[in-house]
Amino acid sequence: MTSISIPVPARPVHPTGLWGWITTIDHKRIGILYGVTAFIFFLSGGLEALYIRAQLARPEQALVSPEVYNQLFTMHATTMIFLAIMPMGAAFFNYLIPLQIGARDVAFPRLNAFSYWTFLSGALVLKLSWFLGGAPNAGWFGYAPITGIQYNPGHGIDFWIMSLQVLGIASLAAAFNFIVTIINLRAPGMSLMRMPLFTWMTLITSFLLVLAFPVITVALIELMFDRFFGMNFFVPAAGANPLLWQHLFWVFGHPEVYILILPAMGIVSEIIPTFSRKPLFGYPVVVLSGVVIGFMGWMVWSHHMFTVGLGPIANSVFAITTMAIAIPTGVKIFNWMGTMWKGSIEFNTPMLFAVGFIWTFIIGGLSGVMHSSAASDAQQQDTYFIVAHLHYVLFGGSIMALLAGVYYWFPKVTGKFMNDALGKVNFWLVFISMNITFFPMHFTGLEGMPRRIYTYESEMGWDLWNLVSSIGAFALAFSILVFMVNVIQSSRKGEKAGGDPWDGRTLEWSISSPPPEYNFAQIPNVHGIDTFWIQKRDGIPAVPVAGGSGEEEHSIHLPQPSYWPFLASLGLFIAAYGLIYFQSVVGLAAASIGAMLTMVSIYSWSFEPVNDPEEEH
């Protein structure tokens, strides 16, 4: 019998330069790619926000046209949620999770690379819409029927649909990867209730991603069929109910809020114990509160729909659940305060941002609870009060915590400290300007200023607070510039940091900074919560187990780089654009070529050898 061998190109061996980054499957490099890319998109979303605030600074301005304004606020929100905050969280997931659980990499390194390149593909599908006929203009929520072909005949909404579909693939790939990694690759002795809090929040977030994104995928497919093939899922004239879209979107959209905030809570839960010089107060309760938030996040979506006529019973049920979800969030806050109580607190830059997060998140949380009352929500719905609430949760919450995380783990990633004096200046600039920008929006909202309006008349009485918010927005932009200067200068000339510069508590601080490619020469044995702190306190040495001794690095197995994840994602990018223009021959050809490239890449990926046969490892 003759055997048939399948020819598969050899894996790249020790690629360098740009090719090294394109083919990397090292979780640390992928984490850096996620972080840098997400920050670039964060800057683009911020620029879109500045255009919005400049337009609204004074009444009856015409800096941009109404159509461009609609595109700006749609792209700003979509960018910040899907292209900035979510992938910034993914950057921390990628870099830190294997280090925190004592693993050498994630469970599926090539799938990890695929998730990044697919995220970049989806992001470019969206952002390039600015240059290809117009960006989406229906808000990040895409309410039907204004997303229908009869009201939106251009391709802007098509870009939005296809980008979110591709981004969903990236999110699901990453989520499954982290679930398997956390469950299967923990170091010996690390039970679930010994995991770091950031790892716990990552696990909960990953489950939310797996459960939430299929819902929005179904909604987007239905919308795509409406637009491309004349179906009638959301067309009122054909007897459909546009409220179906709202239900599907918010069933996804409210768990999405916790997908954005739970990683931030995990970061804060790592920083506060470290700089309070105390164990986290009530560790099991904090874990349980995160699980409860993840569970209850599915029970509150209709508080976004109190004004659509669901009826008093439905409104009452969702009012109660919306009030109830504040309890586990409040539990976390009290536990953080309990951790700081009588601690030897060191208010360096990461701690300042963590404490600032608590303050601003409380304001955002309280305004959210106000929306649990259908009566008050009827007044606040679709006003700038909602805009204020959203930004206090996502900027005052997520972004503040992410900045805290950058200052905290920067020494681990680069081996250098960020400038603490400039960092403290950065904190106060961010904190003050953020409040100047968003707090006045509560007043304009209560005074009746609607969301998403292009301009307003002076007689409405909104002039002063809009001007204050716009001044605050430009000050906030300056504070981000200060952060960038600190990152660049510290990367070049920062003070050198050792492996454990903060007297850390978790395993990532037990190795050198930056970590070696293999992370741990010896896989650690875990003896309890905050295992590295226990080892330092009790003088317990790390005990090696199977997987490498540290004396012979060649005994440590690491998978080699691969170019197939990049090519598979490139195929998705081409196919997405082809589907947008599928009514043309060129579009159909592009969709076919892209789909073929993705399938061939996945096939070759499946048969790719673990390592090049000639490569010693």
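Heads up: the sequence shown runs through residues 980 to 1596, numbered per the numbering used here. C-beta atoms are modelled at their ideal positions from N, C-alpha and C, and glycine is treated no differently. All figures in this text were calculated on a predicted structure; none of them were measured in a lab.
Around the C-beta of V1464, fewer than 16 other C-beta atoms lie within 10 Å, and the residue is accordingly described as exposed.
Taking each of L1455, P1480 and H1350 in turn and checking the Cα distance to F1396, the smallest one comes out for P1480. For D1205, the enclosing alpha helix (DSSP H) covers residues L1176 to F1208. Contact between R1430 and V1366 holds, with the beta-carbon distance rounding to 6 Å and staying under 8 Å. Restricting attention to I1004, G996 and V992, the CA atom closest to the CA of Y1497 is found in I1004. The stretch 1281-1320 contains, as complete alpha helix (DSSP H) runs of 4+ residues, the segments 1291-1303 and 1305-1319 (chain order). Per DSSP, S1355 is one residue of the alpha helix (DSSP H) stretching across A1353 to Q1359.
Across the set F1020, I1581 and A1554, the C-alpha of A1554 shows the shortest separation from the C-alpha of I1572. In the pairwise beta carbon analysis, the stretch 1062-1078 is classified as touching the stretch 1005-1020: at least three pairs are separated by under 8 Å. Of the residues assessed, Y1237 falls on the buried side of the cut-off, its CB having 16 or more other CB atoms within 10 angstroms. The alpha helix (DSSP H) runs lying completely inside the stretch 1424-1478 and spanning 4 residues or more are 1442-1472, given in chain order. Around the beta carbon of R1516, a 10 Å sphere encloses fewer than 16 other beta carbons of the protein chains shown; the residue is thus reported as exposed.
According to the DSSP secondary-structure assignment, K1395 is paired through a beta bridge with K1475. Between the stretch 1329-1345 and the stretch 1368-1386 there are three or more C-beta pairs closer than 8 Å, enough to call the two in contact. When the beta-carbon positions are compared, I1459 and L1022 come within less than 9 Å of each other.
Beta-carbon to beta-carbon, I1195 and S1377 are separated by about 19 Å, too far to satisfy the 8 Å threshold. With contacts defined as CB atoms closer than 9 Å, L1455 and T1416 qualify as a contacting pair.
CA-CA distance, I1251 to T1318, rounds to 7 Å. The stretch 1277-1296 and the stretch 1217-1234 touch, with three or more beta-carbon pairs separated by less than 8 Å. Within the model, the alpha-carbon separation for M1302 versus A1354 is close to 14 Å. Residue pairing from DSSP places T1362 in a beta bridge opposite P1429. Here Q1358 is not near L1289, since their CB atoms are 9 Å or more apart. In terms of CA proximity to T1393, Y1074 leads the group E1587, Y1074 and I1272. For Q1225, the enclosing alpha helix (DSSP H) begins and ends at L1222 to S1255. If you keep only unbroken beta strand (DSSP E) runs of at least 3 residues inside the stretch 1082-1140, you get nothing at all. For A1570, the CB contacts under 7 Å within the same chain, skipping 5 residues up- and downstream, are A1554, G1557, L1558 and F1561 in chain order. In the structure shown, L1259 adopts coil according to DSSP, grouped into three states. DSSP, read as helix, strand or coil, puts N1498 in coil. Counting every other CB atom within 10 Å of its CB across the protein chains shown gives Y1130 a total below 16, marking it as exposed.
Under the DSSP assignment, W1000 falls in the alpha helix (DSSP H) whose first and last residues are G996 to T1002. Membership of T1485 in any alpha helix (DSSP H) is not indicated, and neither H nor E is assigned to it by DSSP.
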